[in-house]
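Below: the structure, in structure tokens.
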Amino acid sequence: MEQSEVVLRAIGILTHSAERIRTAGQDLDAGSGLGEGQIGSLLAEVFPSFQVAGDATPLEAAHSVTEAALPAIMQLIGAFSFVFAELADVHDAGRTDISSADLLRELALRMSRPDPAA
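The sequence shown lines up with residues 77 to 194 when you count with this note's numbering.
What follows is the structure in structure tokens.
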């Protein structure tokens with residue numbers, strides 16, 4: 077999965093979660109399970125399938141899992157970190173002309189372009 081796709085999915089998860097929290101009001105229990113389906117789907121798509129040899133020691137098995145999962149973990153951390161940094165920059169600049177929802181929408185449009193740097 078390309079990094080821009082992972083960022084788009086992270087934006088979708090954050091947008092969905094923010095909307096659910098907004099509509100749930102202050103009832104924290106009503107917000108439980110936010111985006112679980114979306115998160116599970118993203119994890120299933122990002123994390124690779126792998127096998128551990130049946131005769132592997134626990135340490136060898138741990139190394140195999142780490143080696144297989146680390147790129148996906150880094151990709152997810154990178155995506156959510158990017159979106160967080162963009163939101164934080166707008167917040168820290170004191171901008172009131174754009175809401176977090178609008179910024180997430182703008183980021184999604186930017187990441188959807190064939191050349192995200194454009």
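Heads up, the beta-carbon is just placed ideally off N, CA and C, and yes, glycines get one too.
Tell me the DSSP secondary structure of residue i in three-state form.
i              : result
glutamine 127  : coil
methionine 150 : helix
isoleucine 174 : coil
glutamate 78   : coil
aspartate 191  : coil
alanine 86     : helix
alanine 94     : helix
Taking 8 Å as the threshold (C-beta atoms), are residue j and residue i in contact?
i             : j           : result
isoleucine 89 : alanine 184 : no
alanine 148   : valine 122  : yes
Around the Cβ of residue i, are there at least 16 other Cβ atoms within 10 angstroms (buried) or fewer (exposed)?
i              : result
alanine 155    : buried
valine 82      : buried
methionine 187 : buried
leucine 118    : buried
arginine 85    : buried
valine 141     : exposed
Establish whether the CB of residue i and some CB of chain B are separated by less than 8 Å.
i           : result
alanine 177 : This model lacks chain B altogether; it includes just one protein chain.
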